């Protein structure tokens, strides 16, 4: 098809669908396609591009889809819409009216495909809704979303510069920028974007293992002394998973005791290291956490760095959740000492609001990742290429193909600037302080920590009237333990908001509120408190 | 914002952009936004939703982006457009006119963001172009693309049913369907979608290791006998990476010799296993390949299954590339015996045309993955939830969060039916046979294998006139070795097509043609041959 030919389209179509149709809520109009002249009931996937003469139908179909997506985006930001429309697993398996998950032998019409798209969104969870607080990742950043759409449309893979020229260079630019934010010198920094923080943490252990015993790559773990890892007893479970995967064993991950605020006690760490040495083990690695998952605590990084230097351990900082605070001049002091780490996990898909997934492992030694992971497959990494093959970064990973997770982040950085991220993050922290100060003044809520939050985690119990006068006891704890799950079940059925809960140590089930959604305002914090009371006051 | 309020939009905007603008090629019109009344030069990310009154600007901006994407999609399928517009890494780093990858402190306007989106696509590689043959994954499936757009818009994570109710059930439905295709009984099958085939292969080794020595999870590899893995000498390098990561060591991966067609020689496999046993090692696992990366060879699965049964080894089939042939009644016999495997890697993102990424590991034992990988983090996997928590599948992975890779695949299956995938795959195989038979008749090309291709891989040398009369010799090989890289460099500079090359064993650099793009037709095969001659005849 020539450029000239591109205007040779059916003139009737040029009138439909009108742009205005994008503004109407169509979700409840089953047969709206009739109304605007587009009938997809007799059109099938095979009629779309690359089919001959498929262009017009393809564009019409994509317009319909786009309309569905725009409607969803509008509803996401609409506080009068539900966060979710809850249904049980067996209901989906059985099928709902007009929406069956069964996979057919014969194709279904595009009309049905559009219905399926609408229903998939309808029965999902609006993770960008201003009242979705269930996860550390929330929000629907419009620029990030555009980045994801474009990435999907480009549909390429990160293994070589050859097939992802722009994206591989963008990754390099982003990694350099992030290491500047970490205050690492650029000629000593390296890194890669991976499928989530657990994977980034795994790479940090892998790099530490290789750095100490390079022959572990060929000979395996069994040829070397027993290696021991240390992490906060409140650190993320991915360190355990990493040790399991890497053949080190979860028994060789030593949990280090925390103080009352959930931070590693440095003296305990050092004592554990000395004990492991005395047993003849090799203390290999410490995972310090900058922003624990539940409490949002920051481990004392400088103290830990001192200990790691003294005893020759690899210092990793899991800043998956806390890393975003580095973008804020006001809050970055909480991560002081991170510049001394050997590796850092930092997930822009958390408080920076980048769409899922976007996680980086940053390594404070150039070339280590490549040496650790490379296998040099000839069919991918030819040395006799046209261009500088040092940009073929695929051998830095333990994967082969790798999803493009950088473009959305790059585009957001362009659109917001460093200053935009800073504002966004400061706002989340302010909301956490606002919630904390409100709860502190109430008798029907009890905070897990009285002091001001360091991150946006605010942990608390709602105490229903039936328990307010009851003295502290095992019986009261047992009853309180059931309050959060019951409220959670009710809020999911109503779809009015979503917030997580869990027990931790001796603390029975409590709510963990987190702020990472730029759409959330103080009014939503007020709503949260009122709604928890409404849902739980009869318990 | 209320539903009523949704129609309260600026009436001027309803006229712009007109639907017809979606049909015009705007890439070369720098200031086209003036022409249709939308000016984004003074609008910034902060003005979009969730900003107050941000809805109208958000919708306008998204319309502009959508237009850019539609233009790109049209061009992707347009044979007169280039496959790529090649630039070197240093050019991107230095910046092109109007397109700099540098990340700013202050926000850039949405006008610039739109320019950046256009330029990112402009300088990328059109992996869906009918003449993009560089990778096992190619094509731009419109339904799959819609699936990815919707997935991005839903922006959720796979760890729990709670926040991905529809998607977790879709995963279950897809895995069951795939195991039916494998002819596994459903109550014995399990699996999960992962970030690519290398990761799926890693999980298979992980599961095999755990099945043999469950305590390896807690105690690590060092407490157990030396485990040995076997794979084809032409198998994928991810088995080596897996062994490295898992602490088994690459020395403990035994490459098994292949016959002249690139298939494992069963007798060699058995001899290697017996030898390892005699050395006191534990032969743990065999990786059989169904569709090798370069030659497209299928290992003899039934023979390998017999050996694995006899010697008690885990049988994995890496069908990342070949798995799609199971969808074809005509070609599935090539994978006979796969039903006896303990695990299978199958990448729908390859010949089935699902957008990147979509890879499944299927395990022939219910519950094994969960037991192997679970850590039971309380903050995610509460047992006191409202619903049947067996659908919280997040603990089956070694990740925490996991990208939603299932929706696009599910939607494609609905839209094409099993029969649609079958047709698509049969067509790719027919094209491979067409190319093979054409090359066989020519003197200026030489096939690596004379017999008919089993998969869509067709491996061959182009022999320029200067080498055609030269007798076989080291000197001729050395010259021939340089032909493919030189042609490849020229084709990239011209942007007319993309096809990969590599050496393998004693074979000097040869082209590996593969068909997985539904947009490719016989005319493109004819073009490929003519173009290689045109680019290489003076070498």
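Protein chains in written order, with our numbering: chain A, 117 to 655; chain B, 117 to 655. Just so it is clear, CB atoms sit at the ideal spot from N, CA and C, and this is done for glycine as well. Remember, predicted model here, so these are calculated numbers, not experimental data.
Who are the neighbours of residue i on chain A, taking C-beta pairs under 7 Å?
| i | result |
| --- | --- |
| residue 437 (chain B) | The contacting residues do not exist; residue 437 (chain B) stays about 11 Å from chain A at best. |
| residue 608 (chain B) | 502 |
| residue 642 (chain B) | Correct list: empty, because the minimum Cβ distance to chain A is about 17 Å. |
| residue 605 (chain B) | 502 |
| residue 468 (chain B) | What residue 468 (chain B) touches in chain A: nothing, since even the nearest Cβ is about 13 Å away. |
| residue 507 (chain B) | 205 |
| residue 342 (chain B) | 338 |
Quick one: give me the first and last residue of the alpha helix (DSSP H) that residue i is part of.
| i | result |
| --- | --- |
| residue 354 (chain A) | 354-361 |
| residue 206 (chain A) | 205-210 |
| residue 326 (chain B) | 313-328 |
| residue 568 (chain B) | Residue 568 (chain B) -> no alpha helix (DSSP H), and no H or E assigned at all. |
| residue 526 (chain A) | 523-556 |
| residue 190 (chain B) | 171-192 |
| residue 335 (chain B) | 332-335 |
| residue 222 (chain B) | Counting along the chain, residue 222 (chain B) falls outside any alpha helix (DSSP H), and DSSP gives it neither H nor E. |
| residue 98 (chain A) | Since the first residue of chain A shown is 117 and the last is 655, residue 98 (chain A) is not available in this structure. |
Starting from the beta carbon of residue i, find every residue of chain A whose beta carbon is closer than 9 Å, and list them in chain order.
| i | result |
| --- | --- |
| residue 529 (chain B) | 219, 220 |
| residue 377 (chain B) | What residue 377 (chain B) touches in chain A: nothing, since even the nearest Cβ is about 18 Å away. |
| residue 580 (chain B) | Within 9 Å Cβ-Cβ: nothing; residue 580 (chain B) doesn't reach chain A, min ~17 Å. |
| residue 514 (chain B) | 314, 315, 318, 354, 357, 358, 360, 361 |
Tell me which residue opens and which closes the beta strand (DSSP E) that residue i is part of.
| i | result |
| --- | --- |
| residue 432 (chain A) | 430-434 |
| residue 617 (chain A) | 614-620 |
| residue 79 (chain A) | In this structure chain A extends from 117 to 655, so residue 79 (chain A) is not present and cannot be described. |
| residue 346 (chain A) | 343-348 |
| residue 594 (chain B) | Residue 594 (chain B) -> not in any beta strand (DSSP E); alpha helix (DSSP H) instead, spanning 590-610. |
| residue 459 (chain B) | 459-462 |
| residue 372 (chain A) | 369-372 |
| residue 648 (chain A) | No beta strand (DSSP E) contains residue 648 (chain A), which is instead part of the alpha helix (DSSP H) from 638-652. |
| residue 478 (chain B) | 475-479 |
Could you list which residues in chain B have their beta carbon closer than 8 Å to that of residue i, in chain order?
| i | result |
| --- | --- |
| residue 174 (chain A) | 189, 258 |
| residue 471 (chain A) | 268, 271 |
| residue 383 (chain A) | The premise fails here: residue 383 (chain A) is roughly 27 Å from chain B at the closest Cβ pair, so nothing lies under 8 Å. |
| residue 635 (chain A) | 165, 166 |
| residue 211 (chain A) | Neighbours of residue 211 (chain A) on chain B: none; closest Cβ ~11 Å, over 8 Å. |
| residue 333 (chain A) | 360, 365, 366 |
| residue 535 (chain A) | 221, 222, 223 |
Would you mind giving the Cβ-Cβ distance between residue i and residue j, rounded to the nearest angstrom? I have them listed as a contact below 8 Å.
| i | j | result |
| --- | --- | --- |
| residue 259 (chain B) | residue 161 (chain A) | 5 Å |
| residue 199 (chain A) | residue 611 (chain A) | 5 Å |
| residue 630 (chain A) | residue 291 (chain A) | Residue 630 (chain A) to residue 291 (chain A), Cβ: 27 Å. No contact. |
| residue 345 (chain B) | residue 385 (chain B) | Wrong, their Cβ atoms sit about 12 Å apart, outside the cutoff. |
| residue 656 (chain B) | residue 486 (chain A) | In this structure chain B extends from 117 to 655, so residue 656 (chain B) is not present and cannot be described. |
| residue 658 (chain B) | residue 337 (chain A) | The structure shown does not extend to residue 658 (chain B), since chain B spans only 117 to 655, so no value can be given for it. |
| residue 444 (chain B) | residue 542 (chain B) | 6 Å |
Using DSSP's beta-bridge definition, name the partner residues of residue i.
| i | result |
| --- | --- |
| residue 577 (chain B) | B:562 |
| residue 509 (chain A) | Its beta-bridge partners do not exist; DSSP assigns none. |
| residue 215 (chain B) | B:212 |
| residue 200 (chain A) | A:241 |
List the residues of chain B whose Cβ lies closer than 7 Å to the Cβ of residue i, in chain order.
| i | result |
| --- | --- |
| residue 368 (chain A) | 336 |
| residue 421 (chain A) | None at all; the shortest Cβ gap to chain B is about 26 Å. |
| residue 279 (chain A) | 241, 243, 250, 251 |
| residue 587 (chain A) | Simply none; closest approach about 25 Å. |
Name, please, each residue of chain A whose Cβ falls closer than 8 Å to the Cβ of residue i.
| i | result |
| --- | --- |
| residue 229 (chain B) | 259, 262, 527, 530, 531 |
| residue 232 (chain B) | 527, 530 |
| residue 208 (chain B) | 281, 282, 285 |
| residue 237 (chain B) | 266, 269, 270 |
Following a CB-centred definition, is residue i positioned closer than 7 Å to any heavy atom of the ligand NAP?
| i | result |
| --- | --- |
| residue 573 (chain B) | You won't find the ligand NAP in this model; it holds no ligand whatsoever. |
If the cut is a Cβ gap below 9 Å, which residues of chain B does residue i touch?
| i | result |
| --- | --- |
| residue 474 (chain A) | The premise fails here: residue 474 (chain A) is roughly 10 Å from chain B at the closest Cβ pair, so nothing lies under 9 Å. |
- With a floor of 4 residues, list each alpha helix (DSSP H) that falls wholly inside the segment 376-424 of chain A, ordered by position along the chain. Listed in chain order, they are 382-394.
- At 4 residues or longer, and completely inside the segment 233-321 of chain A: list those alpha helix (DSSP H) runs for me, N to C. 258-270, 281-297
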